[in-house]
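A short worksheet on the structure shown next.
Here you go:
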C-alpha cells in the first residue's frame with residue numbers, strides 16, 4: 001500500500017528527522033566529551049599534573065579536529081566537579 005504525502009507533510013517529516021538527528025549528535029558529543037574528561041582527569045591525577053591545553057593534546061594525546069572545543073568543555077566539567 002502506497003501512502004501519498006502532501007508537500008507540507010513531507011516537509012514536516014523531513015524537519016522532524018533533521019531535528020532528531022541534531023539532538024542525537026549533540027547527545028553523542030556530550031557523552032563522548034564526558035568520557036574524555038574522565039579519562040583526562042585520571043591521566044592528570046596519575047601524572048600529578050594540572051590541566052593545560054598542551055598537555056591535553058601532547059601528553060594525553062587527544063587528536064580530534066575539535067580539540068579546542070572539547071578541551072574547553074573538559075575544563076567546564078572540571079570546574080563544576082572541583083568547586
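Residue numbers (this note's numbering): 1 to 83.
Where is the CB? At the ideal position from N, CA and C, for every residue including glycine.
*Decide yes or no for the touch test of the region 39-56 against the region 3-16: beta carbon pairs closer than 8 Å, at least 3 of them.*
no
*What do you get for residue 18, buried or exposed, if any count of 16 or more other CB atoms within 10 angstroms of its CB means buried?*
exposed
*How big is the Cα-Cα spacing for residue 79 and residue 15?*
36 Å
*alpha helix (DSSP H) containing residue 80: first to last residue?*
67-81
*Could you name the residues of the same chain whose beta carbon sits closer than 7 Å to that of residue 61, not counting the 5 residues immediately before and after it, in chain order?*
none
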